[in-house]
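In terms of the numbering used here, the sequence shown opens at residue 24 and continues consecutively. Don't be surprised by glycine CBs; every beta carbon is placed ideally from N, CA and C. Just so we're clear, the structure is a prediction, and the values are computed from it rather than from any experiment.
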Amino acid sequence: MEQNKTGKYFKYAIGEIILVVIGILIALQINNWNEQRKNSKQELILLKQLQTDISTNRDNVIELNERLNINKVGVDSLILRLDKKQNDLKFMLFLSQTMRKSDFNKASSGYNIMQNGKVSLISNENILKSVLNIYENDLPDIIDRQGVMNNRIDQIQNQFINKLFALASNNWNVKFNNYDVVATELFEPLDFDTLSQNIEFKNTLIQLRKLIEARLAYLKITENKLMKTIELLDSKTKLNLHD
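Right, dumping it as structure tokens:
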């Protein structure tokens, strides 16, 4: 009888242990499910922020492309007029176009969230690689090239404009597009014939043109990358919304 009771107690104890283990496993599964659901919500919020940021950056790249094309038209026309020794009002306008500086301000709220320990929220490897590549390579490249070009414009200003030009007597101010908040003053050469023979001035303009052309080429590549990343984000957010 004692052996029978011991056997029953032993079976009962095993049953209790099994029930406890099953209960723990169920609790863990529920906890994991809740955690995954929480992470999915946070991921969706992050992805939507990245969508907004990268769309803004794409718009900024398009705007910068338009601004740089204004520079390109200006410097090309300026060089042509120097070659033809053609001095007129348009020469001053093209000089002003050439000297326009363009700033690029990147939108990076989503990327900053990723940098604050949330990078693991992004479950799609292709999206993660694409976003990191944009923020760690492409956008810094735009800013670096911007700095180089602005330095070259400053060099032209200090080395040539300040010495070989004077403020136009008619005091005309011009804007080249809707992006220009402040109008640009016009400068006219003190001695156009001497300026047209200044090889250093012309070579500096040619170097500036090469910088502009390189920036335009890389901007096109970056714009395509931004567009592909936006498409990846769109497909992922739509999928998450249906989950």
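Cβ-based burial, residue i [other Cβ within 10 Å; buried from 16]
i: V171; result: exposed
i: V44; result: exposed
i: P212; result: buried
i: S258; result: exposed
i: H265; result: Note that H265 scores a pLDDT of 47, beneath 50, so its modelled location is shaky and nothing firm can be said.
i: M149; result: The sequence given here has Asn at residue 149, not Met. So N149 ends up on the exposed side.
i: I145; result: buried
i: I179; result: buried
i: Q52; result: exposed
i: N181; result: exposed
i: S291; result: No information on residue 291 is available, as it lies outside the stretch 24 to 266 that the chain covers here.
i: S143; result: exposed
i: L256; result: buried
i: N139; result: exposed
i: G46; result: exposed
i: L209; result: buried
i: I93; result: buried
i: L118; result: buried
i: L162; result: buried
i: L101; result: buried
Three-state secondary structure assigned by DSSP to residue i
i: A191; result: coil
i: F127; result: coil
i: M24; result: Bear in mind that the predicted position of M24 carries a pLDDT of just 47, short of 50, making it unreliable; the figure below should be weighed with that in mind. M24 falls in the coil class under three-state DSSP.
i: I150; result: helix
Cutoff 8 Å; reference residue i; Cβ partners in own chain excluding five residues on either side
i: R81; result: E246, L249, M250 and I253
i: K95; result: R232, I235, E236 and L239
i: T260; result: L67, L70, K71 and Q74
Chain-order list of residues whose beta-carbon lies under 7 Å from that of residue i (same chain, five-residue window excluded)
i: S131; result: D76 and Y158
i: F127; result: N83, L87, I165, I166 and Q169
i: V98; result: T121, L228, L231, R232 and I235
i: S78; result: I253
i: F215; result: N110
i: F224; result: F183 and L218
i: F188; result: F210, E211, P212 and L213
i: N160; result: none
Nonlocal neighbours in the same chain, by C-beta distance under 6 Å from residue i, ignoring five residues either side
i: R104; result: F114
i: L48; result: none
i: S125; result: L87 and R90
i: M122; result: I176
i: Y134; result: Y158
> Any chance the stretch 137 to 156 sits against the stretch 228 to 244, with 3 or more Cβ pairs inside 8 Å?
Replying inline: Between the stretch 137 to 156 and the stretch 228 to 244 there are fewer than three inter-stretch CB-CB distances shorter than 8 Å, so the stretches are not counted as touching.
> Is it true that the stretch 168 to 186 meets the stretch 237 to 248, where meeting means three or more beta-carbon pairs spaced less than 8 Å apart?
Replying inline: Under the three-pair Cβ rule at 8 Å, the stretch 168 to 186 counts as touching the stretch 237 to 248.
> Which full runs of the alpha helix (DSSP H) of 4+ residues lie inside the stretch 77 to 140, going along the chain?
Replying inline: Positions of the alpha helix (DSSP H) runs, each at least 4 residues long and wholly inside the stretch 77 to 140, are given as 112 to 121 and 132 to 136 in order along the chain.
>> In chain order, what are the residue ranges of uninterrupted alpha helix (DSSP H) at least 4 long that sit wholly in the stretch 156 to 192?
In response: As far as the stretch 156 to 192 is concerned, its whole alpha helix (DSSP H) runs of at least 4 residues are 162 to 179.
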